[in-house]
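Peer 1: Numbering (our numbering), first residue to last: 1 to 300.
Glycine included, every Cβ here is placed at the ideal spot set by N, Cα and C.
Keep in mind the model is a prediction, meaning the values are calculated, not measured.
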DNA sequence: ACCTGTCAAGTCTGG
DNA sequence: CCAGACTTGACAGGT
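1) Going by CA-CA distance only, name the one from 275, 282, 214, 276 that's closest to residue 238.
2) Spell out a yes or no on whether the segment 21-28 and the segment 52-60 are touching, meaning 3 or more CB-CB pairs, one atom from each, closer than 8 Å.
3) What residue range does the beta strand (DSSP E) around residue 4 cover?
4) Just how far apart, CA to CA, sit residue 119 and residue 173?
5) Within 10 angstroms of the Cβ of residue 192, are there 16 or more other Cβ atoms? Answer buried if so, exposed if not.
6) Jot down the residue ranges of each uninterrupted alpha helix (DSSP H) in the segment 34-96, minimum 4 residues, whole runs only, in chain order.
7) If you pair each beta-carbon of the segment 97-105 with each one of the segment 123-134, do three or more pairs fall below 8 Å?
8) Does the beta-carbon distance from residue 5 to residue 287 come in below 9 Å?
9) In angstroms, rounded to a whole number, what distance separates the CA positions of residue 212 and residue 34?
10) In whole angstroms, give me the CA-to-CA distance for residue 200 and residue 158.
11) If distances are taken between C-alpha atoms only, which option among 163, 168, 110 comes closest to residue 185?
12) Which of the three DSSP states is assigned to residue 282 in this structure?
13) Would you report the Cα separation of residue 202 and residue 149, rounded to the nearest angstrom?
14) Mind pulling the beta strand (DSSP E) runs of 3 or more residues that sit fully within the segment 161-239?
15) What residues are listed by DSSP as bridge partners for residue 274?
16) Please classify residue 253 as buried or exposed, where buried requires at least 16 other C-beta atoms within 10 Å of its C-beta.
17) Report the rounded CA-to-CA distance for residue 264 versus residue 251, giving the unit in angstroms.
18) State the Cα-Cα distance for the pair residue 233 and residue 91, rounded to the nearest angstrom.
19) Around the C-beta of residue 160, are 16 or more other C-beta atoms found within 10 angstroms, so that it is buried, or is it exposed?
20) Contact defined as beta carbons within less than 8 Å: I believe residue 67 pairs with residue 140. What is the distance between those atoms, to the nearest angstrom?
21) Please identify the residue among 255, 269, 231, 257 whose C-alpha is closest to the C-alpha of residue 277.
22) Residue 190: which of 62, 106, 154 sits nearest, CA to CA?
23) Just how far apart, CA to CA, sit residue 299 and residue 207?
24) Determine the contact status of residue 38 and residue 78, defining contact as a CB-CB distance below 9 Å.
25) Find the nearest neighbour of residue 162 within the set 144, 138, 194, 137, judged by alpha-carbon distance.
26) In the DSSP assignment, what are the bridge partners of residue 153?
27) Tell me whether residue 146 sits in a helix, a strand or coil according to DSSP, three-state version.
28) Let me check one thing: in DSSP terms, what residues is residue 252 bridge-paired to?
29) With a 10 Å radius around its C-beta and 16 neighbouring C-beta atoms as the bar for buried, classify residue 247 as buried or exposed.
30) Output the boundary residues of the alpha helix (DSSP H) element that contains residue 29.
31) Could you check whether residue 87 and residue 42 sit closer than 9 Å to each other, using their CB atoms as the reference points?
32) Excluding sequence positions up to five away, which residues of its chain have a Cβ less than 6 Å from the Cβ of residue 7?
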């Protein structure tokens, strides 16, 4: 089995390379000249994309081929306050540079809209916001010139007191998504609501790949179903994707805070799973979610 | 240089 | 019905 490791958005080894520099909406609204403020947002976005390039070169130098972009490359991109603003033309060269580099180096990249993107919500404004954000995130990958193998990963969302209804709403809304967005979508089991099995069943229903988070599964295990017994089905959700399955790895901060992420990743549980699934998994990508530069994995 | 409170957004729990 | 927890990097204002 060929395993590639990657990480999320920013590096502890590369100083002053944030790809998520921003401006608060309050600050934006305090600037008298709206056009000048918008130009400033565009400059921030260019800086973020520039730092992305630095991160990608750093990755290349360290043989890291898996990377998740910051979801906040363009500050206030989908905020009401910037309504009518479309920075994509100005940013096209910077996005293209990132995408070209990714393709030249055979990297696998993704985006993860944050937890405000909730397709299950019964509130229409939340649903509309979520659609807007998915369009935006998908649009950034498209602006990079990356095809649908560059994924947008989300969680299913909340239950609102009735999981079956929420799941029904989710599937219905997936069916209505623009094919360009649906073709980039992946779903990940979360740490308190939708278990690995429920997420898998939903992935099978709507026809998108599943990202298995082994830490989330540990703290939200459902009825005790084990990863090895689910794995073949999870792997199959990736069969048509043209890329290896992806899993997320992080470790509990402590016994009293099992859901919080530790600064490092304990390799043992991960290695145990990798050994079990290896025979039926020729290739796998592992996203490490950890803060410490000390995180190292050493094995053969 | 360092510290602390605040920030666009959602959901769930418990009072 | 409302406050607080969850979680989180970066900003903004203070020392």
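Peer 2: According to the structure shown:
1) On the first chain, position 238 is the one that residue 238 refers to. Here the closest residue by C-alpha is 282.
2) no
3) Translated into the one-based positions of the first chain, residue 4 becomes position 4. Counting along the chain, the beta strand (DSSP E) containing residue 4 begins and ends at 2-8.
4) Here residue 119 refers to the residue found at position 119 when the first chain is read from its first residue. Here residue 173 refers to the residue found at position 173 when the first chain is read from its first residue. The straight-line gap from Cα to Cα measures roughly 7 Å.
5) As a first step, residue 192 must be located in the first chain, where it is residue number 192. Residue 192 comes out exposed.
6) 34-61
7) With a cut-off of 8 Å on Cβ pairs, the segment 97-105 is not in contact with the segment 123-134, counting fewer than three such pairs.
8) As a working note, residue 5 is residue 5 in the first chain. As a working note, residue 287 is residue 287 in the first chain. It is a contact, given that the beta carbons lie within the stated cut-off.
9) Locating residue 212 in the first chain gives position 212, where the first residue counts as 1. Locating residue 34 in the first chain gives position 34, where the first residue counts as 1. When rounded, the distance between both Cα atoms is 43 Å.
10) Start at 1 with the first residue of the first chain, and residue 200 comes out as number 200. Start at 1 with the first residue of the first chain, and residue 158 comes out as number 158. Roughly 16 Å separates the two Cα atoms.
11) If you number the first chain from 1, residue 185 lands on position 185. Of 163, 168, 110, the residue nearest in Cα terms is 110.
12) Here residue 282 corresponds to residue number 282 of the first chain, with the count starting at 1. Coil, per DSSP.
13) Mapped onto the first chain, residue 202 falls at position 202. Mapped onto the first chain, residue 149 falls at position 149. Residue 202 and residue 149: Cα-Cα distance of roughly 20 Å.
14) 185-188, 210-213
15) For the purposes of this step, residue 274 is taken as residue 274 along the first chain, with counting starting at 1. DSSP lists no bridge partner for residue 274.
16) Working through the first chain from its first residue, we reach residue 253 at position 253. Label assigned to residue 253: exposed.
17) Position 264 of the first chain holds residue 264. Position 251 of the first chain holds residue 251. Rounded to whole angstroms, residue 264 to residue 251 spans 7 Å at the Cα level.
18) Start at 1 with the first residue of the first chain, and residue 233 comes out as number 233. Start at 1 with the first residue of the first chain, and residue 91 comes out as number 91. Separation of residue 233 and residue 91 (C-alpha to C-alpha, rounded to the nearest whole angstrom) is 40 Å.
19) For this step, residue 160 is matched to residue 160 along the first chain. Label assigned to residue 160: exposed.
20) Numbered from its first residue, the first chain carries residue 67 at position 67. Numbered from its first residue, the first chain carries residue 140 at position 140. Separation of the CB atoms of residue 67 and residue 140 is rounded to 14 Å, and the pair is thereby denied contact status at 8 Å.
21) Locating residue 277 in the first chain gives position 277, counting from the first residue. Taking only the C-alpha atoms, the option nearest residue 277 is 231.
22) By 1-based counting over the first chain, the position of residue 190 is 190. That would be 154, whose Cα lies nearest to the Cα of residue 190.
23) Position 299 of the first chain, counted from the start, is the residue given in the question as residue 299. Position 207 of the first chain, counted from the start, is the residue given in the question as residue 207. Residue placement at residue 299 is flagged as unreliable, the pLDDT there being 46, under the threshold of 50; the coordinate-derived value follows with that caveat. Straight-line measurement puts the Cα of residue 207 at about 34 Å from the Cα of residue 299.
24) Here residue 38 corresponds to residue number 38 of the first chain, with the count starting at 1. Here residue 78 corresponds to residue number 78 of the first chain, with the count starting at 1. Cβ atoms of residue 38 and residue 78: not closer than 9 Å.
25) For this step, residue 162 is matched to residue 162 along the first chain. Comparing Cα-Cα distances from residue 162 to each of 144, 138, 194, 137, the minimum goes to 194.
26) Counted from its first residue, the first chain places residue 153 at position 153. Beta-bridge pairing links residue 153 to 186.
27) Position 146 of the first chain holds residue 146. Residue 146: coil per DSSP, three-state reduction.
28) In the first chain, the residue the question calls residue 252 occupies position 252. For residue 252, which the question treats as bridged, DSSP gives the partners 261.
29) Translated into the one-based positions of the first chain, residue 247 becomes position 247. Burial call: buried.
30) For the purposes of this step, residue 29 is taken as the residue at position 29 of the first chain. Looking at the DSSP string, the run of the alpha helix (DSSP H) that includes residue 29 is 25-30.
31) Taking the first chain and counting its residues from 1, the one referred to as residue 42 is at position 42. Taking the first chain and counting its residues from 1, the one referred to as residue 87 is at position 87. Going by beta carbons, residue 42 and residue 87 fall inside the 9 Å limit.
32) Locating residue 7 in the first chain gives position 7, where the first residue counts as 1. Taken in chain order, the residues that qualify are 288.
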